[in-house]
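The opening residue of the sequence shown carries number 8 in the working numbering; numbering runs sequentially from there.
Structure record follows, encoded as structure tokens.
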Amino acid sequence: HYLNIGFGLVVAIGVAVLLIAAGLNYYDQHLASVGSVNGRSISKDALRDRAQVDIWRLDEAKRRISTAVVAGRLSQAQADQQLQTIEQARTQIVGISLERLIDANLQAQLAAEEGITVSDDEIDARIIEDATTPEQRHVWAIEVKPVTELGAIEPTAAKKAEAKVKAEAALADLNAGKAWEDVAMTVSTDTATAPQGGELGWLQADDSRADEAFLKAVFATPANEPTAIVLGEDGVFRIGRATEITPEKVDTEYQAKIVNDGVSLDLYRTVLAADVLHSKLQDKLVADMTGPGPQRRVSEIYTSQAAPNLEPDAVKSRHILFSPNGDPSSASTLPDGDPGWEIARARALATYGRLAQDPALFDAIARAESDEAQANGPTGTGGKLPYFDSKSGVDEAFLAAILAPGLEEGQILEPVKSAFGWHVIQVMNRPTDEERFALLKAEADGGAEFAILARDDSTGPTAGTGGDLGWVARGQLDDQLTDAIFATSIGQTSDVITVIDDGTYLFKVFAEEVRTPAGRQLEELTSTAFSTWYEAKKADAEITREGTDQATTIS
């Protein structure tokens, strides 16, 4: 009898141990925390659920890309680029999904403090939005850019008027029945699209790759009719047309596809609720910034933060590259006796001679003639390079040239041959950037033209247009920058501002007006203002992230 009791106890204990082990295993696989937000835990199951939705969205994006390729709205090269981005996201899906869960949890807490809620009707509307493919148009453009004299920042009034007359003549030819392709190929100044008749491809109404006013005109004009002449924010006159229109389409099977692919519709709606909450929180917080308010017309000089621990011989320079056959990538494969090398050398010598007569032409020549693609055009680098020192891993001949003893700031060097071609180099300045910007401020305050200083010293994308930022509203930029801009008197330059992990800035304020943000400025203001506010809230929150791996989402 006692033996039976003892055996029963052993069995009972064994079963209990197994149950405890099973419970612990279940906890580890489903309920264990992978992170927390202000003490609220995020479980493995929650992460799996979120990742499942995120993966489905990536797969749906791939399906839409394939559809666009088949329909001819997307080239295979464009599709491959987008698909590569999707695949990169998929390989990082655990971290991406965890961060989205953290944001969703924190924003839910912040929304509750603001009294913001989400209704079923709002989630239904967001599902329809997700299921909708926006209207797209096959867009073509004829561009007439006013000529800017070499060395100048902007075209003269006469050149602007000349460009307008040219655009008006082109529109008259189109309205008289002349073929679009003939006009585009002979009139358009956009060398990238003119040979193809001005084709820009398939665009949506909010596509950031095209001028905002131009797109608005194209989407308001019937197919195969030219728009009126549109003057863009960049000063370019444009005529547009759309040859094909794909209307907005709602996928009526969208919710069925979600379910058929094994994703719970309730789970999908939970994720959408977080998306809607984010939008409502953002709209409420930036409402005060999106109405009429003071804005300032501003230009900037900017340089990105220098690499740490530079050697004492560090120096900045800019260069104009002339490569054999205009191709830097293949220069190193050509023998020294190849005629392309001598042609490149002759171009470099001729340019060196021009710059010896007028050094102010350096930026313009670099943007127009350099064989370094990233130097070209108004948004290019103009050939500017970061600090290089004796430890920099760059071409030995180039490095030896810029680090030669006795060189003075501003000095233009005789052509130097590297593995990429012949370089015409100008020595710019030595560290530090703060000291350089103090000198630039003194020059600007002393009457030097700010646009010229920006053109020659700024490394930002606005350098080619003299640093012009356009109209800036409060909240549109980092607070440190906006505060400096609005603390500066009209017609004056700001203090030199250094933003950690970013770079150094100097602004000039030209005017102030009361303006209402619209279009892309409104989008930028909304996004930036919310991001600035939210990043501070996130930094103050108690957030943990536990170790996770891919198995968290797929096991």
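Virtual Cβ for every residue (Gly too), placed ideally from N, Cα, C.
Keep in mind that this is a model prediction, so the values were computed, not measured.
Exercise. Tell me whether residue 102 sits in a helix, a strand or coil according to DSSP, three-state version.
Key: helix
Pop quiz: residue 144 and residue 244 are said to be a contact at Cβ under 8 Å. What is the actual Cβ separation, rounded to whole angstroms? About 20 Å; that fails the 8 Å criterion.
Determine the DSSP secondary structure at residue 419, reduced to helix, strand or coil. strand
Exercise for review: On a CA-only basis, which of 110, 118 and 58 is nearest residue 101? Give me that one, please.
Suggested key: 58
### Query
In or out: residue 475 buried (at least 16 other Cβ within 10 Å) or exposed?
buried
*Apply the 10 Å Cβ neighbour rule to residue 74 and answer buried if 16 or more other Cβ atoms are within range, or exposed otherwise.*
exposed
Checklist entry - residue 209 to residue 122, Cα distance in whole Å? => result 42 Å
Exercise. Where does the unbroken alpha helix (DSSP H) through residue 76 begin, and where does it stop?
Worked result: 51 to 77
Next item on the list: Look up residue 150 in the DSSP assignment and give the residues it is bridged to.
Entry: 245
Query raised in the report: Mind checking residue 501: buried by the 16 CB within 10 Å criterion, or exposed?
Result: buried
Out of curiosity, what's the CA-to-CA distance linking residue 399 and residue 411?
-> 14 Å
Which of the three DSSP states, helix, strand or coil, is assigned to residue 512? strand
Beta carbon of residue 237, beta carbon of residue 220: below 7 Å?
-> yes
Give the straight-line distance between the Cα atoms of residue 273 and residue 120, rounded to the nearest whole angstrom.
25 Å
query = alpha helix (DSSP H) containing residue 276: first to last residue?
reply = 272 to 293
Between the CA atoms of residue 505 and residue 338 - distance to the nearest angstrom: 39 Å
Task: Selection from 105, 364 and 427 that minimises the alpha carbon distance to residue 401 - done: 427
- Pick out whichever of 459, 379, 406 and 437 has its Cα sitting closest to the Cα of residue 335. 379
Q. Run through DSSP, which three-state label would residue 547 get?
A. helix
task = Can you tell me which of 393, 295 and 432 puts its alpha carbon nearest to the alpha carbon of residue 355?
result = 432
Short Cβ contact (7 Å threshold) for residue 323 with residue 394 | yes
Could you tell me which of 534, 70, 154 and 423 sits nearest to residue 293, measuring between CA atoms?
534
Going straight from the alpha carbon of residue 254 to that of residue 385, what length do you get? 34 Å
query = Would you call the CB atoms of residue 309 and residue 482 closer than 7 Å?
reply = no
- [ ] Tell me, please, whether the segment 440 to 452 touches the segment 343 to 355 by the rule of three or more beta-carbon pairs shorter than 8 Å.
- [x] no
Quiz item: So what does residue 40 bridge to, in DSSP terms?
Solution: 50
May I have the straight-line CA-CA distance separating residue 301 from residue 167, to the nearest angstrom? 29 Å
Grouping DSSP H, G and I as helix and E and B as strand, with all else coil, what is residue 542?
-> helix
**Asked** What residues match up with residue 565 in a beta bridge as DSSP calls it?
**Response** Outside the displayed range of the chain (8 to 562) lies residue 565, so it cannot be described from this structure.
| How many angstroms separate the CA atom of residue 150 from the CA atom of residue 246? | 7 Å
Task: Whether residue 276 touches residue 497 by CB criterion (7 Å) - done: no
For the beta strand (DSSP E) that contains residue 327, what are its first and last residues? 324 to 329
Which ranges would you report for the alpha helix (DSSP H) in the segment 450 to 482 if only whole runs of at least 4 residues count? 457 to 464
Exercise. If you draw a straight line from the C-alpha of residue 34 to the C-alpha of residue 54, how long is it?
Worked result: Low local confidence applies: a pLDDT of 44 at residue 34 is under 50, so the model's placement there is unreliable, with the coordinate-based value given in what follows. Between residue 34 and residue 54, the C-alpha separation is close to 14 Å.
Exercise. Got a sec? Which residues, its chain only, sit under 7 Å from residue 285 by beta carbon, not counting five neighbours each side?
Worked result: 114
Next item on the list: Just the C-alpha distance for residue 26 and residue 98, rounded to the nearest angstrom, thanks.
Entry: Unreliable positioning characterises residue 26 in this predicted model, as indicated by a pLDDT of 47, which lies under 50. The coordinate reading is nonetheless provided below. Going by the C-alpha atoms only, they are around 36 Å apart.
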